[in-house]
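Pasting the structure below:
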């Protein structure tokens, strides 16, 4: 299995992410606000109805931290059906990369990584729920785009996963890893509505001279079922989602290795994924941002859930880690409204970025090596401002 995962990582993850910035400088990355099939972006009604694109007049933050603390639990919006990012288990628990990032925020704010109430949201529901205050933060494989950042009354935190859109087809239909968007001409493509995926594939196919039929559903698992059943020829979403579904299908014996292929080798879009929160609450934005940065910095300096306790008692502790973990007088968490040991709680209870990535994404064949999700000193884009 490890060999199979490594092969997939080399062919898909490494190939996709290592060429993301050179693939197509005009690759569309705007949200689906002009896509007719997106139920969440075609109207102009205010949040609280079905459209998340129009912010509530006067809606601003400023008290999110107080609300979360008074409630005693963080309300975090996730997908609930995104393989390896957020998956609702049979016992109701939530697992995955995004779910762990939610737990990291809870650990920082409440001192308890398990003090999280997860809200499984569709792509069309997610922005409305956040704008309406139904959740405190959205960590749901959501792409940072210009219009989302400037028209929704929402802001984006640091990118936690650099992705790129791909297409998955069946080898029996003649598709290979070397197929291009020109090869999708005449195909029916399935994907979930309310995502950047719709406009990306429509524009990309048109630029390649291909005519496609786009079939959208509420949730991506429905798109996968359509692909498996043959009601659509191809399925498209972020490459991480395609790889995760393919490896899972191989692991579960549904298909054999090589039956499905992800293409093109270079992504058709840029998909920076990360947390989203309401505008005008600088304190809450700082807390979410620096929780993410804390996982980056701990990874950079080798602080893990397994050694962080011993590290803080070391007289030779790196000064930056000392500040980050609240063991020195010049710590900054207190000025943010947090406990001094807030980020120590994050690392001790949830782990650093690499730990989170490894335990959630490696099992489905997604690896950091050679991708933009590697640390900055390893050729990637995981980079945090200094904790000073």
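In my numbering, the protein residues as written are 691 to 1078. By construction, the Cβ of each residue, glycine as well, lies at the ideal position given by its N, Cα and C atoms.
The three-state reading of DSSP puts residue 888 in helix, counting H, G and I together. Between the C-alpha atoms of residue 968 and residue 1028 there is a straight-line separation of about 19 Å. For residue 903, the three-state secondary structure derived from DSSP is strand. Sequence-distant partners of residue 1031 (beyond 5 residues in either direction) whose C-beta falls short of 7 Å from its own C-beta, in its chain, are 1015, 1016. Taking the C-beta atoms as reference points, residue 1054 is found nearer than 8 Å to residue 937.
One alpha carbon belongs to residue 953, the other to residue 880, and they sit about 15 Å apart.
Annotated as proximal: residue 872 and residue 898, with beta-carbon spacing under 8 Å. For residue 980, the enclosing alpha helix (DSSP H) starts and ends at 972-991.
Counted as a single uninterrupted DSSP element, the stretch harbouring residue 969 is not any beta strand (DSSP E), since DSSP gives it neither H nor E. Taking a C-beta distance under 8 Å as the contact criterion, residue 933 and residue 1056 qualify as a contact pair. Following the DSSP letters along the chain, one finds residue 757 inside the alpha helix (DSSP H) bounded by residues 754-761.
With a cut-off of 8 Å on Cβ pairs, the segment 1033-1050 is in contact with the segment 987-1005, counting three or more such pairs. Secondary structure note for residue 792: its alpha helix (DSSP H) is the uninterrupted segment 787-800.
Partner residues in a beta bridge of residue 935, as assigned by DSSP, do not exist.
The segment 839-851 and the segment 959-968 touch, with no fewer than 3 CB-CB distances between them shorter than 8 Å.
In the same chain as residue 983, and ignoring 5 residues on each side of it, the C-beta atoms closer than 7 Å to its own belong to 848, 1074, 1075, in chain order. Three or more beta-carbon pairs separated by less than 8 Å link the segment 781-801 to the segment 828-835, which places the two stretches in contact.
The beta carbon of residue 1018 sits closer than 8 Å to those of 1009, 1012, all from its chain and outside the five residues before and after it, given in chain order. Excluding the 5 residues flanking it on each side, residue 946 has no same chain C-beta neighbour closer than 6 Å. For residue 917, the enclosing alpha helix (DSSP H) has its first and last residue at 910-919. Within the segment 796-831, the complete beta strand (DSSP E) segments at least 3 residues long are 806-810, listed from N- to C-terminus. Looking at the DSSP output, residue 1005 bridges to nothing. Under the 8 Å Cβ criterion, the segment 804-824 counts as touching the segment 766-785, having at least three qualifying pairs.
DSSP, read as helix, strand or coil, puts residue 772 in strand.
About 15 Å separates the beta carbon of residue 1070 from that of residue 960, a gap too long to meet the 8 Å contact definition. Membership of residue 953 in the beta strand (DSSP E) is indicated by the continuous run 950-953.
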